[in-house]
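A.B. asks:
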């Protein structure tokens, strides 16, 4: 008989052979047939002593080899792996920013763009009737997490929208890591990155409730409101990475600041009424989904009124910014007027053309762009000492 020790030419092979041998020794059929001898040498009690397994001659057993210290070798390999992981983690920690730099600004912009893009993909789901393209959650079907060919284009669109959540989560966590080392000095940035990192998962859960509720129009509307809020927070993050964390004081006349806040209120009203309008019309999420029961034609007029008030107030801000030479306000207010003009034009066009899907989708994305620009307009009402004294970096001024 040949003796086959549970060891091999290497410690890795030895561990594999040991697992195979132990499997054989636990198999009653193999033991009854006498194919192996699992006896342990007398007096051998050490864990480092390998147990010989003997096979009958010609059974394919391997000659005895010796690899001393098998268990010690295993511990050494594990220690080596732990050291490698520790060194990699230390290098990564050393690589993380210790202050706001280009990497932090880039990831802040990526977060804002991704939050806005999510509204675009969500709009594509609604406008193509793919709200139930994946009929369940968190799986796409009862058997699969991804869409299947049988689900067609609607499954692909809905699954693509869900996939973007994971991309957004990675970006949000990256932003959080990028401010972690100086979170005490810039607590504002830490909070502004922590909220999206947690909210993305909450938003995904709301999306799941939306599907499980059969696309209830009010749940769909809540889903959109949360997206708009995250876009606003993303705008705050972008603004703050270009500005210091010093004392902020009002940099415009008080009446101008009040007018700006009133304008932002009407922007919020316009967006909310727009959500209700969409929930009452043909693009609520799916051809079979329930509508909110409100009169769509009346809501279209109600939606237009706060939009016109917003535009009128913005024109007042534009004239005042030039007349009072408010340099910090000119560029951002011009951007605000431009977005509102495009948004109004798209809104009028879609109402007169029977709500074509492409225009409705553009209108939804522009609502987020308008929210972002309005948020930065409000933030720019105050300035830090560095901005007031003219010592702020040039890119901070251009970020307005």
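In UniProt numbering, the protein residues as written are 1 to 400. Even glycine gets a Cβ: it sits at the ideal position worked out from N, Cα and C.
Quick one: complete alpha helix (DSSP H) runs, 4+ long, within the region 308-382?
C.D. replies: With a minimum length of 4 residues, the continuous alpha helix (DSSP H) runs that stay inside the region 308-382 are 327-352, 357-379.
A.B. asks: Pull up the distance between the alpha-carbon of residue 167 and that of residue 198, whole angstroms please.
C.D. replies: Counted from its first residue, the chain shown places residue 167 at position 167. Counted from its first residue, the chain shown places residue 198 at position 198. Spanning the two alpha carbons is a distance of roughly 14 Å.
A.B. asks: In chain order, which alpha helix (DSSP H) runs of at least 4 residues are fully inside the region 91-129?
C.D. replies: Whole alpha helix (DSSP H) segments, 4+ residues: 102-127.
A.B. asks: Determine the contact status of residue 169 and residue 206, defining contact as a CB-CB distance below 8 Å.
C.D. replies: Here residue 169 refers to the residue found at position 169 of the chain shown. Here residue 206 refers to the residue found at position 206 of the chain shown. No, Cβ-Cβ distance for residue 169 and residue 206 is not below 8 Å.
A.B. asks: With 16 other CB atoms within 10 Å as the buried threshold, where does residue 196 fall?
C.D. replies: The residue labelled residue 196 in the question sits at position 196 within the chain shown. Looking at its Cβ environment, which holds 16 or more other Cβ atoms inside 10 Å, residue 196 is buried.
A.B. asks: Considering only DSSP beta bridges, list what residue 250 is partnered with.
C.D. replies: Within the chain shown, residue 250 is the residue found at index 250, counting from 1. Looking at the DSSP assignment, residue 250 forms a beta bridge with 382.
A.B. asks: Please check the pair residue 332 and residue 271, which I expect to be a contact at CB under 8 Å, by giving their CB distance rounded to whole angstroms.
C.D. replies: Locating residue 332 in the chain shown gives position 332, counting from the first residue. Locating residue 271 in the chain shown gives position 271, counting from the first residue. Not really, about 19 Å apart at Cβ, beyond 8 Å.
A.B. asks: Are residue 165 and residue 204 close, meaning C-beta to C-beta below 8 Å?
C.D. replies: By 1-based counting over the chain shown, the position of residue 165 is 165. By 1-based counting over the chain shown, the position of residue 204 is 204. Yes, Cβ-Cβ distance for residue 165 and residue 204 is below 8 Å.
A.B. asks: Please tell me whether residue 368 and residue 116 are closer than 8 Å, where the distance is taken between their beta carbons.
C.D. replies: The residue given as residue 368 occupies position 368 in the chain shown. The residue given as residue 116 occupies position 116 in the chain shown. It is a contact, given that the beta carbons lie within the stated cut-off.
A.B. asks: Just how far apart, CA to CA, sit residue 45 and residue 76?
C.D. replies: Reading the chain shown from its first residue, position 45 is the one you call residue 45. Reading the chain shown from its first residue, position 76 is the one you call residue 76. The predicted position of residue 45 is uncertain, since its pLDDT is 48 and thus under 50; a value taken from the coordinates is nonetheless stated next. Computed Cα separation, rounded: 22 Å.
A.B. asks: Checking 8 Å against the spacing of the C-beta atoms, do residue 453 and residue 354 come in under that value?
C.D. replies: With the chain covering only 1 through 400, there is no way to say anything about residue 453.
A.B. asks: I need the straight-line Cα distance from residue 262 to residue 253, nearest angstrom please.
C.D. replies: The count along the chain shown starts at 1 and reaches residue 262 at position 262. The count along the chain shown starts at 1 and reaches residue 253 at position 253. Each residue's Cα considered, the two are about 15 Å apart.
A.B. asks: Give a yes or no on whether the C-beta atoms belonging to residue 178 and residue 103 are separated by under 8 Å.
C.D. replies: By one-based count along the chain shown, residue 178 stands at place 178. By one-based count along the chain shown, residue 103 stands at place 103. Yes, Cβ-Cβ distance for residue 178 and residue 103 is below 8 Å.
A.B. asks: Compare the Cα-Cα distances from residue 329 to each of 378, 230, 84, 120 and report the closest residue.
C.D. replies: By 1-based counting over the chain shown, the position of residue 329 is 329. Of the candidates 378, 230, 84, 120, the one whose C-alpha sits nearest the C-alpha of residue 329 is 378.
A.B. asks: Between which two residues does the alpha helix (DSSP H) harbouring residue 185 extend?
C.D. replies: What you label residue 185 is simply residue 185 of the chain shown in a count that begins at 1. Element bounds for residue 185: n/a, residue is neither H nor E.
A.B. asks: Give me the Cβ distance between residue 350 and residue 370, rounded to the nearest whole Å; I'm assuming they're in contact under 8 Å.
C.D. replies: Indexing the chain shown from 1 puts residue 350 at position 350. Indexing the chain shown from 1 puts residue 370 at position 370. With 8 Å as the limit, residue 350 and residue 370 do not qualify as a contact, their Cβ atoms being about 16 Å apart.
A.B. asks: My output table needs one value for residue 233: the three-state DSSP class, helix, strand or coil.
C.D. replies: Residue numbering aside, residue 233 sits at position 233 when the chain shown is read from its first letter. Helix, per DSSP.
A.B. asks: Counting pairs of beta carbons, one from the region 334-348 and one from the region 299-317, are three or more of them closer than 8 Å?
C.D. replies: These segments touch.
A.B. asks: Please classify residue 143 as buried or exposed, where buried requires at least 16 other C-beta atoms within 10 Å of its C-beta.
C.D. replies: As a position in the chain shown, residue 143 is number 143, starting the count at 1. It counts as exposed.
A.B. asks: Below 8 Å CB to CB, which residues in the same chain sit around residue 112 once its five sequence neighbours on both sides are set aside?
C.D. replies: Taking the chain shown and counting its residues from 1, one reaches residue 112 at position 112. 231, 234, 235, 237, 238, 372, listed in sequence order.
A.B. asks: Check whether the Cβ atoms of residue 245 and residue 327 lie closer than 8 Å to each other.
C.D. replies: Position 245 of the chain shown holds residue 245. Position 327 of the chain shown holds residue 327. Their beta carbons are not under 8 Å apart, which means residue 245 does not touch residue 327 by this criterion.
A.B. asks: From residue 383 to residue 89, what does the alpha carbon distance come to, in whole angstroms?
C.D. replies: Within the chain shown, numbered from 1, the residue matching residue 383 stands at position 383. Within the chain shown, numbered from 1, the residue matching residue 89 stands at position 89. The alpha-carbon atoms of residue 383 and residue 89 are separated by roughly 39 Å.
A.B. asks: What does a CB cutoff of less than 8 Å around residue 219 pick up in its chain, not counting 5 residues either side in sequence?
C.D. replies: What you label residue 219 is simply residue 219 of the chain shown in a count that begins at 1. Taken in chain order, the residues that qualify are 206, 209, 210, 213.
A.B. asks: Counting C-beta neighbours from all protein chains within 10 Å, is the total for residue 82 16 or more, i.e. buried, or is it exposed?
C.D. replies: Working through the chain shown from its first residue, we reach residue 82 at position 82. Classification for residue 82: exposed.
A.B. asks: Output yes or no for whether 8 Å exceeds the beta carbon distance between residue 171 and residue 128.
C.D. replies: What you label residue 171 is simply residue 171 of the chain shown in a count that begins at 1. What you label residue 128 is simply residue 128 of the chain shown in a count that begins at 1. In this structure, residue 128 does not lie closer than 8 Å to residue 171 by Cβ.
A.B. asks: Rounded to the nearest angstrom, what separates residue 202 and residue 226 at their Cα positions?
C.D. replies: Position 202 of the chain shown, counting from 1, holds the residue named residue 202. Position 226 of the chain shown, counting from 1, holds the residue named residue 226. Cα to Cα, residue 202 sits roughly 9 Å from residue 226.
A.B. asks: Assign residue 81 to one of three DSSP states: helix, strand, or coil.
C.D. replies: The sequence position of residue 81 within the chain shown is 81, counting from 1. Of the three classes helix, strand and coil, the one that applies to residue 81 here is helix, per DSSP.
A.B. asks: Just to confirm my understanding: we take residue 192, look at its own chain, exclude 5 residues before and 5 after, and list those with CB closer than 7 Å. What are they?
C.D. replies: As a position in the chain shown, residue 192 is number 192, starting the count at 1. If we look at residue 192 and ignore the five residues flanking it on each side, its Cβ neighbours are 233, 236, 237, 240.
A.B. asks: Within 10 angstroms of the Cβ of residue 310, are there 16 or more other Cβ atoms? Answer buried if so, exposed if not.
C.D. replies: Numbered from 1 along the chain shown, position 310 holds the residue referred to as residue 310. Residue 310 is buried by the Cβ-count criterion.
A.B. asks: Check residue 264 in the structure and name its three-state DSSP category.
C.D. replies: Position 264 of the chain shown, counted from the start, is the residue given in the question as residue 264. DSSP places residue 264 in helix when its eight states are reduced to three.
A.B. asks: Can you check whether the CB of residue 160 is closer than 8 Å to the CB of residue 365?
C.D. replies: Looking up residue 365 in the chain shown gives position 365. Looking up residue 160 in the chain shown gives position 160. Not closer than 8 Å, so no.
A.B. asks: When DSSP labels each residue in this structure, what does residue 214 get in the three-state scheme?
C.D. replies: On the chain shown, residue 214 is found 214 positions in, with the first residue counted as 1. Coil at residue 214, not helix or strand.
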